[in-house]
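Notes to accompany the following structure.
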Amino acid sequence: MRAAAGEYGGVYRAFAIHAGISILEKVAGRQTMTSLGTALVQAWLLGGNGFRFHGDQDQMAEYVDEFLRAIRDNFPRVILDSLGGPDVIAGARRIPCQNHSFSQYNPKRAGGIYYNRSRVSQMASAAREANETSRHGREMAARFRTFLFMFAIATAHELTHLFVGYLAQGQDTTQSYTPPTLSYLNYAGPSWGESGRWLESHLFGGSVEFYRDISDDDGQAGIPYVLDSNALERKIRPTCVRQLVTSIGGDRATSNNKTA
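Numbers in the numbering used here are just positions in the sequence shown, counted from 1, shifted up by 65.
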């Protein structure tokens, strides 16, 4: 069952979306997306599946800038859904598009991002109970920050999938998706890769995972970890979570380092 995007704590979700876009707008985010785009084009070329990239690989940084500008101005469709259970935070889906122009990308016509309805509701509940005057309020404030962090990372991850669709110029064939050679650890399948995990690994030093705290209740966000290339887990410190959700957007920049 789906819910309209305006329900279930829309203001909190909007901030998490802003934070997710901002992660990619930062210099490191743009550089990582440029590297991803270049690796993707090479994988398409070497894959021999017949899919052709119709852009100019040397202009990849400009394509990243154009994609992010369009995303910031006209974010893709947002839908709240069950997504198969609480462990699935978000998902992206392409909408086949006839407009193959890199400079006229329309995110709302090109795709949508689905967010887990129950998890968004839990984030809103934590926000309502958060304060700095009681132990419970402080616990809920920390939980709320972790939820914001979770949805910001999920947004950046799913936007990476839509970026692949952008480079495919609206095509929706199996060959136009991420090849299995472009992934991280064991996230790839036999015929598909994982561009979102690839970006996480290059931007954060590993994939970001949330593990259940057995001492906490069912409304928790979980404990964030980074899973490195050796599949070793490193806990993300609460100070890092706080820093991302309180100072995001401070150094948004274009690829030529001009302030946006």
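Yeah, the Cβ is synthetic: ideal placement off N, Cα and C, and Gly gets one too.
When you compare each of the options to residue i by their alpha carbons, which one comes out closest?
i, options, result
"Trp263", "Trp257, Leu247, Ser256", "Leu247"
"Phe116", "Ser266, Gly230, His83", "Gly230"
"Ile178", "Arg277, Arg193, Leu232, Ile86", "Ile86"
"Phe118", "Trp109, Ala175, Met125, Ala126", "Trp109"
"Asp121", "Arg134, Ile154, Ser168", "Ser168"
"Leu105", "Asp281, Pro244, Gly284", "Pro244"
"Asp237", "Ala175, Ile144, Thr220", "Ala175"
"Ala267", "Asp152, Ala84, Ile88, Arg208", "Sequence check: residue 267 is His here, not Ala. Checked all of Asp152, Ala84, Ile88, Arg208; the closest Cα to His267 is Ile88."
"Leu148", "Arg182, Met125, Tyr170, Pro172", "Arg182"
"Met98", "Ala217, Asp152, His226", "His226"
"Ile218", "Leu309, Pro172, Arg203, Val143", "Leu309"
"Gly112", "Gly258, Arg78, Pro303, Met205", "Gly258"
"Asn295", "Asn251, Ala155, Leu224, Gln240", "Asn251"
"Pro172", "Ala286, Leu224, Glu204, Ala79", "Leu224"
"Ser166", "Arg193, Leu145, Ala135, Val143", "Ala135"
"Tyr77", "Lys300, Leu297, Val306, Arg193", "Arg193"
"Gly94", "Gly202, Gly261, Val153", "Gly261"
"Arg208", "Gly284, Phe80, Gln124", "Gly284"
"Ile160", "Asp152, Val153, Tyr170, Ile154", "Tyr170"
"Ala206", "Val306, Tyr180, Ala157", "Val306"
"Ser280", "Glu204, Ala126, Ala253", "Glu204"
Within 10 Å of its beta-carbon, does residue i have 16 or more other beta-carbons around it, so buried, or fewer, so exposed?
i, result
"Val185", "buried"
"Asn321", "Confidence in Asn321 is poor, its pLDDT being 44 and thus under 50, which makes the residue's placement too unreliable to answer from."
"His222", "buried"
"Gln124", "exposed"
"Leu101", "buried"
"Leu297", "exposed"
"Glu265", "buried"
"Val92", "exposed"
"Thr220", "buried"
"Ala189", "buried"
Could you tell me the alpha carbon to alpha carbon distance between residue i and residue j, rounded to whole angstroms?
i, j, result
"Phe228", "Ala191", "32 Å"
"Leu292", "Phe269", "10 Å"
"Ala68", "Tyr249", "Residue placement at Ala68 cannot be trusted, given a pLDDT of 44 that sits under 50; what the coordinates show is reported in the next sentence. Going from the Cα of Ala68 to the Cα of Tyr249 covers about 32 Å."
"Gly150", "Glu90", "30 Å"
"Tyr242", "Ala233", "8 Å"
"Arg200", "Pro289", "21 Å"
"Ala286", "Gly235", "34 Å"
"Ala84", "Ser256", "32 Å"
"Gly330", "Gly202", "In the structure displayed, the chain extends from 66 to 325; residue 330 sits before or after that span and is not available."
"Ser312", "Thr239", "39 Å"
Following a CB-centred definition, is residue i positioned closer than 7 Å to any heavy atom of the ligand ATP?
i, result
"Leu224", "The model depicted lacks the ligand ATP and carries no ligand whatsoever."
Report the partner residues of residue i according to the DSSP bridge assignment.
i, result
"Pro289", "Phe275"
"Arg137", "In DSSP, Arg137 forms no bridge with anything."
"Gly176", "Arg159"
"Arg299", "Val291"
Chain D beta carbons: is any one of them nearer than 8 Å to that of residue i?
i, result
"Asn139", "Here there is only one protein chain, and chain D is not present."
Query raised in the report: Quick check: the region 126 to 146 against the region 268 to 281, are there 3 or more CB pairs under 8 Å?
Result: no
Query raised in the report: Can at least three beta-carbon pairs, one atom from the region 132 to 141 and one from the region 200 to 213, be found at a separation below 8 Å?
Result: no
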